[in-house]
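Start counting the sequence shown at 5; every next residue gets the next number (the working numbering).
One structure is given below, encoded as structure tokens.
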Amino acid sequence: MNNLHLICAILIPPLGVFLKEGLNKDFWISLILTLLFFFPGMVFAIWRVTQK
Numbered sequence: 005m006n007n008l009h010l011i012c013a014i015l016i017p018p019l020g021v022f023l024k025e026g027l028n029k030d031f032w033i034s035l036i037l038t039l040l041f042f043f044p045g046m047v048f049a050i051w052r053v054t055q056k
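This is how it looks when you write it as structure tokens:
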């Protein structure tokens with residue numbers, strides 16, 4: 005796991021997912037969650053970045 009991905013997942017969740025996985029469905033899920041409420045988007049992004 006790259007520390008940059010984790011920092012981006014905390015500060016700007018969709019960016020962290022995008023840097024780790026590219027433009028896929030997880031990016032869009034992270035973007036929607038972040039737009040609705042920041043905290044769920046951040047939790048999802050951290051989970052996706054640390055999972056692989």
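Quick reminder that beta carbons are idealized off the backbone N, C-alpha and C, glycines included.
Membership of Gly45 in the alpha helix (DSSP H) is indicated by the continuous run Phe42 to Gln55. Each residue's CA atom was taken as its position, placing Thr54 and Leu40 some 22 Å apart. The three-state reading of DSSP puts Gly20 in helix, counting H, G and I together.
CA-CA distance, Trp32 to Cys12, rounds to 16 Å.
Per DSSP, the continuous alpha helix (DSSP H) segment holding Leu15 begins and ends at Asn7 to Leu15.
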